[in-house]
Amino acid sequence: MTESVTKHERNLSAVIHGSTLCRFFIPLGHFLLPLVLWLSNKNQSAFVDYHGKQALNFQISMTLYNFMLGLLSVPFLLGSLPAFFRNGGFHWNEWEHMDDFHLNLGDGLFDLPFFWWPVGVAGLLGFGLFIVNVVYTILATLRTNEGDYFKYPLTIKFIR
Numbered sequence: 518m519t520e521s522v523t524k525h526e527r528n529l530s531a532v533i534h535g536s537t538l539c540r541f542f543i544p545l546g547h548f549l550l551p552l553v554l555w556l557s558n559k560n561q562s563a564f565v566d567y568h569g570k571q572a573l574n575f576q577i578s579m580t581l582y583n584f585m586l587g588l589l590s591v592p593f594l595l596g597s598l599p600a601f602f603r604n605g606g607f608h609w610n611e612w613e614h615m616d617d618f619h620l621n622l623g624d625g626l627f628d629l630p631f632f633w634w635p636v637g638v639a640g641l642l643g644f645g646l647f648i649v650n651v652v653y654t655i656l657a658t659l660r661t662n663e664g665d666y667f668k669y670p671l672t673i674k675f676i677r
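Numbering-wise, my numbering comes out as the position in the sequence shown, counting from 1, plus 517.
Below, the structure written as structure tokens:
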């Protein structure tokens, strides 16, 4: 495959994959910069077109998965808040002294309200998706620069 793909196409495809890491500097940068690069170069090369679609589909899929995790955890978080405030987990002994502010989460780890566990699990899964996103983005950038056709895992094909 490497012989039929020019160095410019490989570099441009690698930049498209790597540009998804702009999320750390630009809000929505993981969509905007790859989208602009892909749209401006998709008709010039099938290799660039393929990798632009792959990068965008993967970023859209990861965002959708994180959004679904957030939606699943919100009812559990909201359901646990009344019990948290009602059972004395959050109170002031006297209003005049700020030294008497207490936040009581219990003596052990399992004293937390039942509803907080799904929120914690969703947070861990979200962190796992973040790690998968960064690792596979770097891997795609390196493989694409070598001239390979890279396919992301866990990707829904939004753009065909």
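Positions of the beta carbon are idealized from the N, C-alpha and C atoms, including for glycine.
query: Report yes or no: do three or more beta-carbon pairs, one from the segment 520–539 and one from the segment 658–672, lie closer than 8 angstroms?; result: yes
query: Under a Cβ-count criterion, where at least 16 other Cβ atoms within 10 Å of its own Cβ denotes burial, should Thr-654 be classed as buried or exposed?; result: buried
query: Going straight from the alpha carbon of Val-522 to that of Gly-664, what length do you get?; result: 7 angstroms
query: Please classify His-550: is it buried, with 16 or more other beta-carbons within 10 angstroms of its beta-carbon, or exposed?; result: Just to set this straight, residue 550 is Leu in the shown sequence, not His. So Leu-550 ends up on the buried side.
query: Grab me the residues of Tyr-671's own chain with a C-beta within less than 7 angstroms of its C-beta, minus the 5 sequence neighbours each way, in chain order.; result: Note that residue 671 corresponds to Leu in the displayed sequence, not to Tyr. Correct list, in chain order: Ser-578.
query: Quick one: grab the DSSP three-state call for Leu-626.; result: Reliability of the predicted coordinates at Leu-626 is poor, the pLDDT of 47 falling under 50, and no value is obtained from them.
query: Going by the CB atoms, is the gap between Val-649 and Ser-590 shorter than 7 angstroms?; result: no
query: Whose C-beta lies closer than 6 angstroms to the C-beta of Gly-546 among residues of the same chain, with five residues either side of it excluded?; result: Cys-539 and Arg-540
query: Ordered along the chain, which non-local residues of its own chain (more than five positions away) have a Cβ less than 7 angstroms from that of Leu-646?; result: Met-579, Tyr-582 and Asn-583
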